[in-house]
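Below is one structure; the comments refer to it alone.
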Amino acid sequence: MRDPQVRVPCEILDEHLDVIVEHKLDIELYLSGSTLDSLKPGGAERIKKKLTHGPRITFHAPFMDLNPGAVDSRVLEATRGRFHQCFDAAEVLRPALIVLHSGYEKWKYDHDVDLWLERSLTFWPEFIKRAESIGARLAIENIFEDEPTSLARLMKEINSPSVGICFDAGHCNIFTAVPFREWLEVLGPYIIETHLHDNLGDLDSHLALGDGNIDFQEIFAALQGKDVVHTIEAISVEDTFKSMQAIRDIHQRLST
Numbered sequence: 001m002r003d004p005q006v007r008v009p010c011e012i013l014d015e016h017l018d019v020i021v022e023h024k025l026d027i028e029l030y031l032s033g034s035t036l037d038s039l040k041p042g043g044a045e046r047i048k049k050k051l052t053h054g055p056r057i058t059f060h061a062p063f064m065d066l067n068p069g070a071v072d073s074r075v076l077e078a079t080r081g082r083f084h085q086c087f088d089a090a091e092v093l094r095p096a097l098i099v100l101h102s103g104y105e106k107w108k109y110d111h112d113v114d115l116w117l118e119r120s121l122t123f124w125p126e127f128i129k130r131a132e133s134i135g136a137r138l139a140i141e142n143i144f145e146d147e148p149t150s151l152a153r154l155m156k157e158i159n160s161p162s163v164g165i166c167f168d169a170g171h172c173n174i175f176t177a178v179p180f181r182e183w184l185e186v187l188g189p190y191i192i193e194t195h196l197h198d199n200l201g202d203l204d205s206h207l208a209l210g211d212g213n214i215d216f217q218e219i220f221a222a223l224q225g226k227d228v229v230h231t232i233e234a235i236s237v238e239d240t241f242k243s244m245q246a247i248r249d250i251h252q253r254l255s256t
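Heads up, the sequence shown is in the working numbering, so the first residue is 1 and it goes up one at a time.
Structure, rendered in structure tokens:
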């Protein structure tokens with residue numbers, strides 16, 4: 001198994017660059033809106049040159065205040081603009097995957113999944129086209145969803161090999177109203193990435209694997225044999241390596 005990659009916000013890449021290069025870590029680069037605004041001409045090329053070990057790279061697109069299924073046209077245009085900025089950087093760094101948030105919150109939409117889905121489906125085609133032009137896939141991440149059917153419907157309607165699901169275990173543990181098993185059964189055919197961080201079901205605390213109450217062995221068992229990119233989203237370097245060891249231990253148990 002290829003070692004999991006680690007999520008690194010672009011603004012702290014230089015701070016952790018020595019560790020990343022020394023350990024030859026694959027990375028998911030988070031590009032916030034402010035990062036994209038401050039990225040000067042040639043900035044993406046400079047990032048590429050810093051990563052001298054030639055890692056596999058994935059992107060996490062900006063998400064704060066954005067919504068690809070927005071009803072408000074100006075929010076939709078702001079989202080479109082931010083995503084295009086992200087894809088401009090992707091044309092240089094060539095990420096294998098680009099993670100984007102779904103934007104669905106049942107409270108905002110008054111449980112009207114159809115309203116969100118209709119808006120969302122008109123949003124994605126231009127970004128699928130851009131992703132395919134650079135050999136990348138889009139991974140839509142669960143955030144506030146408390147069950148998996150809205151995302152499954154989105155996948156069925158998009159019906160593209162260039163689009164899948166990023167299953168975020170920590171978010172699921174906080175918001176889910178159904179067992180993890182149901183998420184993995186319903187979304188399993190679409191999962192192309194995971195975000196791995198632990199919590200106690202109360203806060204999005206991004207603990208090391210094993211420091212919360214998530215059964216990660218259940219997740220890895222359900223995804224065995226699938227082509228999935230696993231991404232550790234720990235806060236500290238220590239928790240990152242602790243999580244890596246926890247994943248190795250899980251795979252050891254599953255292989256015996």
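The beta-carbon is built from N, C-alpha and C at its ideal position, and this holds for glycine as well.
Minimum C-alpha distance to residue i - residue among the options
| i | options | result |
| --- | --- | --- |
| glutamate 15 | Ser236, Gln252 and Glu126 | Ser236 |
| glutamate 132 | Pro55, Leu97 and Glu182 | Leu97 |
| serine 150 | Val6, Pro55 and Leu115 | Leu115 |
| glutamine 224 | Trp124, Val113, Asp239 and Gln252 | Gln252 |
| glycine 135 | Ala90, Asn159, Val113 and Ala169 | Ala90 |
| serine 160 | Lys242, Ile192, Ile47 and Glu182 | Ile192 |
| glutamate 45 | His111, Pro4 and Asp88 | Asp88 |
| glutamate 22 | Leu39, Leu51, Glu182 and Lys40 | Leu51 |
| glutamate 182 | Pro148, His84, Leu39 and Asn213 | Pro148 |
| alanine 70 | Leu39, Tyr104 and Lys40 | Tyr104 |
| glutamine 85 | Arg130, Arg248, Pro125 and Arg74 | Arg130 |
| phenylalanine 123 | Asp110, Ile158, Tyr109 and His111 | Ile158 |
Proximal residues to residue i (C-beta, below 7 Å), its chain only, five neighbours per side dropped
| i | result |
| --- | --- |
| aspartate 211 | Asp198 |
| glutamate 118 | none |
| aspartate 258 | Not covered by the structure: residue 258. The range shown for the chain is 1 to 256. |
8 Å contact criterion, which residue i and residue j should meet: CB distance rounded
| i | j | result |
| --- | --- | --- |
| valine 178 | leucine 138 | Going by Cβ atoms, the distance from valine 178 to leucine 138 rounds to 25 Å, so no, they are not a contact pair. |
| leucine 25 | cysteine 10 | Between cysteine 10 and leucine 25 the Cβ distance is about 15 Å, and since that is not below 8 Å, they are no contact. |
| valine 186 | alanine 152 | 5 Å |
| glycine 188 | alanine 222 | 6 Å |
Sequence-distant residues of the same chain with beta carbon closer than 6 Å to residue i, five excluded per side
| i | result |
| --- | --- |
| valine 99 | His60, Ala139, Glu141 and Cys166 |
| valine 113 | Ser150 |
| isoleucine 214 | Ala169, Asn173 and Asp198 |
| leucine 200 | Gly212 and Asn213 |
| alanine 246 | Leu209 and Gly210 |
| lysine 242 | Ala208 |
Cβ neighbours of residue i in the same chain (closer than 8 Å, five flanking residues each side left out)
| i | result |
| --- | --- |
| valine 8 | His16, Ile20, Ile27, Glu28, Leu29 and Tyr30 |
| isoleucine 146 | The residue you asked about is not isoleucine; residue 146 is aspartate in the sequence shown. These residues qualify, in order along the chain: Lys106, Phe175, Thr176, Ala177 and Val178. |
| glutamine 5 | Leu25, Asp26, Ile27, Glu28, Pro55, Arg56, Thr58, Val229, His230, Thr231 and Ile232 |
| aspartate 227 | Ile192 |
Beta-carbon gap between residue i and residue j smaller than 8 Å
| i | j | result |
| --- | --- | --- |
| phenylalanine 180 | isoleucine 219 | yes |
| aspartate 204 | histidine 171 | yes |
| arginine 82 | leucine 121 | no |
| threonine 240 | isoleucine 250 | no |
| phenylalanine 216 | leucine 196 | yes |
| threonine 258 | proline 68 | Examination of residue 258 is not possible in this model, given that the chain is present from 1 through 256 alone. |
| lysine 48 | leucine 76 | no |
| isoleucine 128 | serine 102 | no |
| alanine 169 | histidine 206 | no |
| proline 62 | glycine 43 | no |
| methionine 244 | aspartate 3 | yes |
| methionine 155 | tyrosine 109 | no |
Residue burial classification, residue i (beta-carbon count within 10 angstroms, cutoff 16)
| i | result |
| --- | --- |
| isoleucine 12 | exposed |
| aspartate 64 | Correcting the residue type first, residue 64 is methionine in the shown sequence and not aspartate. Counting Cβ neighbours within 10 Å, methionine 64 comes out exposed, since fewer than 16 surround it. |
| leucine 254 | exposed |
| asparagine 173 | buried |
| threonine 194 | buried |
Short CB-CB distance (under 8 Å) between residue i and chain D
| i | result |
| --- | --- |
| leucine 117 | Given the protein chain composition of this structure (a single chain), no chain D is represented. |
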